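Asks: Residue numbers (the working numbering): 2 to 164.
Just passing along the structure, written as C-alpha cells.
As C-alpha cells, this is what we get:
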C-alpha cells in the first residue's frame, strides 16, 4: 500500500487544469496573439509549479529530500501516464528516461500541443525548485518537443562546505 493511494494522479489533474486553461488561452490568443498568450500561461503555470513543489515538501514528515521526491513519482506515473526506464538511483541521483508520455498525447488530443510544454514539461524543473532547491534537473529533450524520449537527470547539488 502506498502513501498516495486514493490521491488523484497528476495526469488527471493536468487534464482538469487543461480544460480550464484552454478557453483562457484561446481568448488570450484572440485578444493578444500567440506569443503573449503563451507568455501569460507560461508565467502562471511556472508560479503554480513552484508552489505545488512547496506544498508537497510541506507534507514530508522529515522534510523534503531526493528519496521523498522519488516516492512522489508514482503520482506522475499513475493511470499509466508514463512508460519509464530508471537508469540510476542513489542518495544523490535519480536518472530515468520516459519512452511514452500520455501527458503529451493528451495535450495534442485536446488541441493544446503548441503549449503542452508550458502545461507540463516546464513544470518539472520548477516543481523541484519548490520541493527541494538542493536538487536540480538536467534534461536535454522531451517527447513533447519531438524527441523519442525524455531524459530526466536529477542530482543533489553539492552544498557549500561539501568536500
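Cβ atoms here follow ideal geometry from the backbone N, Cα and C, with glycine treated the same way.
Just so you know, these numbers come straight off a predicted model, no measurement behind them.
Is it right to say residue 143 is buried, meaning 16 or more other beta carbons lie within 10 angstroms of its own, or is it exposed?
Replies: Taking the chain shown and counting its residues from 1, the one referred to as residue 143 is at position 142. Answer is buried; the Cβ neighbour count reaches 16.
Asks: In chain order, which continuous runs of the alpha helix (DSSP H) of length 4 or greater are located wholly inside the segment 81 to 133?
Replies: The qualifying runs are 103 to 110, 123 to 132.
Asks: Distance, Cα to Cα, residue 59 vs residue 149?
Replies: Taking the chain shown and counting its residues from 1, one reaches residue 59 at position 58. Taking the chain shown and counting its residues from 1, one reaches residue 149 at position 148. Those two C-alpha atoms are separated by around 35 angstroms.
Asks: Quick one: using the 10 Å Cβ neighbour count with 16 as the cut-off for buried, is residue 133 buried or exposed?
Replies: Translated into positions along the chain shown, residue 133 becomes position 132. Per the 10 Å Cβ criterion, buried.
Asks: Do three or more CB pairs link the segment 19 to 26 to the segment 93 to 103 at distances below 8 angstroms?
Replies: Too few Cβ pairs lie closer than 8 angstroms, so no.
Asks: Expressed to the nearest angstrom, what Euclidean distance is found between the alpha-carbon atoms of residue 46 and residue 9?
Replies: Position 45 of the chain shown holds residue 46. Position 8 of the chain shown holds residue 9. Residue 46 and residue 9: Cα-Cα distance of roughly 19 angstroms.
Asks: Residue 82: which of 121, 127, 113 sits nearest, CA to CA?
Replies: Taking the first residue of the chain shown as position 1, residue 82 is located at position 81. For residue 82, the nearest C-alpha among the options comes from 121.
Asks: Grab the span of the alpha helix (DSSP H) containing residue 32 for me, first residue to last.
Replies: As a working note, residue 32 is residue 31 in the chain shown. Counting along the chain, the alpha helix (DSSP H) containing residue 32 begins and ends at 11 to 33.
Asks: Could I get the ranges of all uninterrupted alpha helix (DSSP H) runs contained in the segment 39 to 85, with 4 residues as the minimum, in chain order?
Replies: For the segment 39 to 85, whole alpha helix (DSSP H) runs of length 4 or above, ordered along the chain, are 67 to 78.
Asks: Using the beta-carbon count (16 or more within 10 Å), is residue 124 buried or exposed?
Replies: Numbered from 1 along the chain shown, position 123 holds the residue referred to as residue 124. That one is buried.
Asks: Roughly how many angstroms separate the alpha carbons of residue 19 and residue 89, rounded to a whole number?
Replies: The sequence position of residue 19 within the chain shown is 18, counting from 1. The sequence position of residue 89 within the chain shown is 88, counting from 1. Those two C-alpha atoms are separated by around 32 angstroms.
Asks: Would residue 156 and residue 93 qualify as a contact pair, given that the criterion is a beta-carbon distance under 8 angstroms?
Replies: Position 155 of the chain shown holds residue 156. Position 92 of the chain shown holds residue 93. Contact: yes.
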